[in-house]
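Notes follow the structure.
In this note's numbering, the protein residues as written are 512 to 576.
Structure follows, in structure tokens:
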């Protein structure tokens, strides 16, 4: 069985709070088999790199490049 990988551009940020009303926006280009896996990878790496979890985050855009 062969999987076809696609490149996705995923954009997201942490949810706005009273202390940070304009959180920094992060963009990643990822290789994944589909859109759902690309979103999952985005949150995985964002959690590791910037300490932003999916429950406290917001997905802004996802596009196939």
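By construction, the Cβ of each residue, glycine as well, lies at the ideal position given by its N, Cα and C atoms.
Quick check on residue i: does DSSP put it in helix, strand or coil?
i	result
residue 515	coil
residue 574	strand
If you draw a straight line from the alpha carbon of residue i to that of residue j, how long is it in whole angstroms?
i	j	result
residue 527	residue 557	16 Å
residue 575	residue 562	25 Å
residue 540	residue 530	29 Å
residue 544	residue 552	11 Å
residue 569	residue 514	28 Å
Can you name the residues that DSSP bridges to residue i?
i	result
residue 537	523
residue 543	517
For the alpha helix (DSSP H) that residue i lies in, which residues bound it at each end?
i	result
residue 529	Run containing residue 529: none; DSSP gives neither H nor E here.
My guess is that residue i and residue j are in contact by the Cβ rule of under 8 Å, so how many angstroms apart are they, rounded?
i	j	result
residue 573	residue 516	Rounded, the Cβ-Cβ distance is 15 Å, inconsistent with contact.
residue 522	residue 536	6 Å
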